[in-house]
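Some notes on the structure that comes next.
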Amino acid sequence: MGSRLNNIQRRAAEHGRLRTGYTQGNRPMRSATWVVTSHSEEHVRTAAELWGGDVQEWTPLNSTIKQWRVITKASAIEALITPGDPLNQYNEMWSKGGCARRCDGQTELLTRKPCICAATFGEDWHQQPKGRVCSATSRLNVMLPDLSGMGMWRAETHSFYAASEWGGMVDMVLAGTDGRGFVPVTLRIEPRQRVANGETKKFPVVVVELRGITPRQALAGPISTALALDPTGSRAVAAIEAPRPDYLADAAGALTVDDVQDVYRAAHAAGHLNDELIAALKERADAVKEPAQPIPAATPPAPAPDEEGVYEGEFVEDEESSGWPAVAAPGSGARA
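Residue 6 is where the sequence shown starts when you use our numbering, and the numbers rise one by one after that.
Here's what the structure looks like:
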């Protein structure tokens, strides 16, 4: 393996974002299904083929760079948690000038002051309207195994309730895998509601769930890449349940022994050989063998004259004679 720079952080390129909302004009809208955005039209079109929706050009708010977007029809998508710690969480407040506050829950990191929101509104600060306080921002980097490219996709949520669940889920997984190997998960948008002060508030929460593996497997150590890519064994099951070729029909159409041997090799490679099939293939091979050609009789040598130029004579019956044999001269030099 080659060398790496030790003074920079190595990370995969970001292909796009997984969002739970979209903009309609200048108005933000919540979505019950995933919204996939990217600078790559190919990635977005592939997402549309997998999860439905119409691909469209899209320009984010406060930006002049066009991207591609699809509002899918899927509320749950398959993903992989990648090695390392894929989750970043901060309480953030943004303005047109950029990030105005970034807090770890105790210290506002830009000013190095204690948490401004908690100091102003108390421990229930998150119930204040957006814009007045920071938003609990969680960013989870995942890989989408069915989309092209080896880069990362960033799932982002500003839900206070999702923040605690994401942190707890990822920390449990990291405790088992030590940040090594991939972990198959499902990212699911779950509708929820909360009753406070006599009001019922409905909101979506992104839930991260293990996919195809048990907590025992997830906590037992790093998971093999093969298991992470196909945790349910669906590809193996599909291969087992695939229709078995009709080898006898293929052999019946064989015209040569080589053709029969091809059928044998195909059955052997698929693990379908058995005694009955082997016997049938041998029988067919015997039937299509080319019959042995008879050895042609030796051609008698052409007659040759003796030293005096005379060919050896042959007596034949002369039907018109009175019974005396006649001498036939096979060569032009024959004498009576």
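From the three backbone atoms N, C-alpha and C, an ideal C-beta is built for every residue, glycine too.
query, result
"Using the Cβ count rule (16 or more neighbours within 10 Å means buried), how would you classify Val-332?", "Reliability of the predicted coordinates at Val-332 is poor, the pLDDT of 49 falling under 50, and the value obtained from them is presented with this limitation in mind. Exposed, because fewer than 16 other Cβ atoms sit within 10 Å of the Cβ of Val-332."
"If I measure Cβ to Cβ from Glu-161 and keep anything under 6 Å in the same chain, skipping five residues before and after, which residues do I get?", "Arg-144"
"Assuming Val-190 and Leu-215 form a contact by the criterion Cβ under 8 Å, report the distance between their Cβ atoms to the nearest whole angstrom.", "6 Å"
"Beta-carbon within less than 7 Å of Leu-260's beta-carbon, same chain only, minus the 5 sequence neighbours each way: which residues are those?", "Val-293"
"Tell me the rounded alpha-carbon separation between Val-211 and Gly-103.", "25 Å"
"So what's Met-177 in DSSP terms, helix, strand or just coil?", "helix"
"To the nearest angstrom, how far is it from the Cα of Gln-132 to the Cα of Leu-10?", "45 Å"
"Classify Met-155: buried if its beta carbon has 16 or more other beta carbons within 10 angstroms, exposed otherwise.", "exposed"
"Under the assumption that Ile-82 contacts Trp-56 (Cβ atoms under 8 Å), give the Cβ distance between them as a whole number of angstroms.", "6 Å"
"Once the 5 residues before and after Gly-89 are set aside, which same chain residues still bring their CB inside 8 Å of it?", "Gly-184"
"Whose C-alpha, out of Ala-53, Tyr-252 and Ala-37, is nearest the C-alpha of Leu-152?", "Ala-53"
"Along the chain, where does the alpha helix (DSSP H) that runs through Leu-145 open and close?", "Run containing Leu-145: none in the alpha helix (DSSP H); it sits in the beta strand (DSSP E), 140–148."
"In three-state DSSP terms, what is Pro-196?", "strand"
"For Asn-146, count neighbouring Cβ atoms within 10 angstroms of its own Cβ and tell me buried if that reaches 16, exposed if not.", "buried"
"Going by DSSP, name the residue or residues bridged to Thr-112.", "Pro-119"
"Closest to Glu-46 by CA distance: which of Thr-142, Thr-205, Gly-172 and His-20 is it?", "His-20"
"If we ignore side chains and look at the alpha-carbon of each, how far apart do Lys-71 and Arg-24 end up?", "17 Å"
"Does Met-34 pass the burial test, meaning 16 or more other C-beta atoms within 10 Å, or should it be called exposed?", "exposed"
"Please identify the residue among Tyr-95, Arg-107 and Met-148 whose C-alpha is closest to the C-alpha of Ser-169.", "Tyr-95"
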